[in-house]
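Numbering (mature numbering (1 follows the signal peptide of the UniProt record, and there is no 0)), first residue to last: -20 to -1, 1 to 399.
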């Protein structure tokens, strides 16, 4: 007699089904819900099911207000360090180089850049060169002109107001735009160390392009001419043509290097030049990386203008003063700083300008005049930027850059907040 197999109670079967359904629904839960729980462990039951124990993730206690407090706490170190150096540099008197007079440079650009379309970086490089030309040989910490002194004072006062303000929960906002505005104003005083190399590279390419355009504009306009008389006879030209390889005999080498002739003599093919075309020359816009290169470019362009007959007559130079002191000559005593030797590029441009930028110049085409003056202006700006790249950083501008960088570093460290 067979016994009936034991059957599970209905309630147990229902519990197992609900447990399986619950596990399936838990596996299909959204990813957002999974990000708010933490897996605590696994529990194996007798039926083989798995139970997950989860706990809520701890909420972050870092808030934007807390980050603003941390950022504000860093102001004390900036005031005691970079900003104190900025105040000292701004209060220093404007000094000059003891070995050279400030008058060895004209104090302005000899050739003003003519108006033409320029990119943003090219315009910034020209503004930097104009600022350097206004400063001349003055290398003191304090700005020399009134406009630069006013801008420097406003930047210093604005930084003082910013670094001494009270705490605010919104202190971390707008710092990037604030520093960008201050840097743009500081660039009107002197070139920052981070802009020197960039301005020099941009101006080098601009000078190269304008020099090439000016030299091309000086070339005569090509006009149609008759065929030259020294053109070879048509029969001679026909004899130099290469016949089809293998037409009369078997070729004795690579087909492109063999010429099959009637006398069965083979030789390498020779290239022929077109007598109507001028010979190819070297690029006239060579490197512009040194003072000698820039001076050579100025002389090359001036020589082309002279050869084209577009220079005005050279003005008569004033007679040199006599070295013999007369009885009525005044005597100057005391220590006088020797005059510095003029910069070769600036001195050469000062000689060229009276012969070019004058109504006596034979140039009647305004576009040609603008092209020539623009090339000289770009070469002059390049010389100022080249010299500035070799000199030490301006003390006041370097102190401003250090203060800006300290504020940016403190902001990046403290204001990385997520609620």
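Think of the CB as a built atom: it goes at the ideal place given N, C-alpha and C, for glycine as much as any other residue.
Shortest alpha-carbon distance to residue 131 belongs to which of 380, 188, 394?
When each option's Cα is compared against that of residue 131, the closest is 380.
If I measure Cβ to Cβ from residue 395 and keep anything under 6 Å in the same chain, skipping five residues before and after, which residues do I get?
These residues qualify, in order along the chain: 47, 51, 152.
Confirm, please, whether the CB-CB distance from residue 352 to residue 336 is below 8 Å.
Result yes, Cβ atoms of residue 336 and residue 352 sit closer than 8 Å.
What is the DSSP secondary structure of residue 349, counted as helix, strand or coil?
Here residue 349 sits in helix by DSSP.
Can you tell me where the alpha helix (DSSP H) holding residue 142 begins and where it ends?
That run of the alpha helix (DSSP H) goes 126 to 143.
Beta-carbon within less than 7 Å of residue 187's beta-carbon, same chain only, minus the 5 sequence neighbours each way: which residues are those?
These residues qualify, in order along the chain: 268, 358, 359, 362.
Please report how far the alpha carbon of residue 183 lies from the alpha carbon of residue 366, in whole angstroms.
One C-alpha to the other measures close to 10 Å.
Quick one: complete beta strand (DSSP E) runs, 3+ long, within the stretch 332 to 397?
As far as the stretch 332 to 397 is concerned, it has no whole beta strand (DSSP E) run of at least 3 residues.
Sort 374, 95, 143, 175 by Cα distance to residue 61 and report the nearest one.
Per the Cα distances, 143.
Throw me the rounded Cβ distance for the residue 173 and residue 373 pair, which I believe falls under 8 Å.
The Cβ separation is near 5 Å, so the contact holds.
Give the secondary structure of residue 50 by DSSP, where H, G and I count as helix, E and B as strand, and everything else as coil.
Correct three-state label for residue 50: helix.
Would you identify the three-state DSSP class for residue 296, choosing helix, strand or coil?
Three-state result, residue 296: coil.
Between the stretch 85 to 97 and the stretch 339 to 346, do at least 3 Cβ pairs fall closer than 8 Å?
Cβ pair count under 8 Å is below three, so no.
For residue 2, count neighbouring Cβ atoms within 10 angstroms of its own Cβ and tell me buried if that reaches 16, exposed if not.
Note that residue 2 scores a pLDDT of 47, beneath 50, so its modelled location is shaky and nothing firm can be said.
What residue from 286, 146, 178 has the CA that sits closest to residue 199's CA?
If we check each option's Cα against that of residue 199, 286 comes out closest.
Return yes when the Cβ of residue 89 is within less than 8 Å of the Cβ of residue 110, no when it is not.
Their beta carbons are under 8 Å apart, which means residue 110 touches residue 89 by this criterion.
Quick check: residue 274 and residue 203, are their CB atoms within less than 8 Å of each other?
Result no, Cβ atoms of residue 274 and residue 203 do not sit closer than 8 Å.
Which residue from 392, 104, 53 puts its Cα closest to that of residue 165?
Closest option to residue 165, Cα to Cα, is 104.
Taking the beta carbon of residue 115 as the centre, do at least 16 other beta carbons fall within 10 Å, making it buried, or is it exposed?
With 16 or more Cβ atoms within 10 Å of its Cβ, residue 115 is classed as buried.
So residue 376 and residue 169 are in contact, right, with Cβ under 8 Å, and what is the actual spacing, rounded?
Their Cβ separation, rounded to whole angstroms, is 7 Å, which keeps residue 376 and residue 169 in contact under 8 Å.
For residue 386, which of 278, 43, 106, 65 has the nearest alpha-carbon?
Selected option, being the one with the closest Cα: 65.
Determine the burial state of residue 266: buried for a count of at least 16 other Cβ atoms within 10 Å of its Cβ, exposed for fewer.
Classification for residue 266: exposed.
Using the Cα positions of residue 55 and residue 146, report the straight-line distance between them to the nearest angstrom.
C-alpha separation (whole angstroms): 10 Å.
Expressed to the nearest angstrom, what Euclidean distance is found between the alpha-carbon atoms of residue 63 and residue 71?
Going from the Cα of residue 63 to the Cα of residue 71 covers about 12 Å.
Does the Cβ of residue 161 have 16 or more other Cβ atoms within 10 Å, making it buried, or fewer, making it exposed?
Its Cβ having fewer than 16 others within 10 Å, residue 161 is exposed.
Counting only the same chain and skipping the five closest in sequence on each side, list residues whose C-beta sits under 7 Å from that of residue 338.
Only 292 meet the Cβ criterion.
Rounding to the nearest angstrom, what Cα-Cα distance links residue 49 and residue 126 in this structure?
Whole-angstrom Cα-Cα distance: 38 Å.
For the alpha helix (DSSP H) that residue 400 lies in, which residues bound it at each end?
Nothing about residue 400 can be reported from this structure: the residues present for the chain run from -20 to 399 only.
Are the beta-carbon atoms of residue 364 and residue 113 separated by less than 8 Å?
In contact: residue 364 and residue 113 (Cβ atoms closer than 8 Å).
What did DSSP end up calling residue 469 once you bin it into helix, strand or coil?
The chain is shown only over -20 to 399; residue 469 falls outside these bounds and no answer can be derived.
Contact defined as beta carbons within less than 8 Å: I believe residue 59 pairs with residue 384. What is the distance between those atoms, to the nearest angstrom?
Actually they are not in contact, since the Cβ atoms of residue 59 and residue 384 sit about 14 Å apart, beyond 8 Å.
Which residues mark the beginning and the end of the alpha helix (DSSP H) in which residue 111 is found?
Element bounds for residue 111: 100 to 115.
Straight-line CA distance for residue 69 to residue 397?
For residue 69 and residue 397, the distance between alpha carbons rounds to 35 Å.
Can you tell me whether DSSP reads residue 171 as helix, strand or coil?
The answer is coil: DSSP assigns residue 171 none of H, G, I, E or B.
Distance, Cα to Cα, residue 135 vs residue 270?
One C-alpha to the other measures close to 35 Å.
Count the other CB atoms within 10 Å of the CB of residue 278; is the residue buried (16 or more) or exposed (fewer)?
With 16 or more other Cβ atoms within 10 Å, it is buried.
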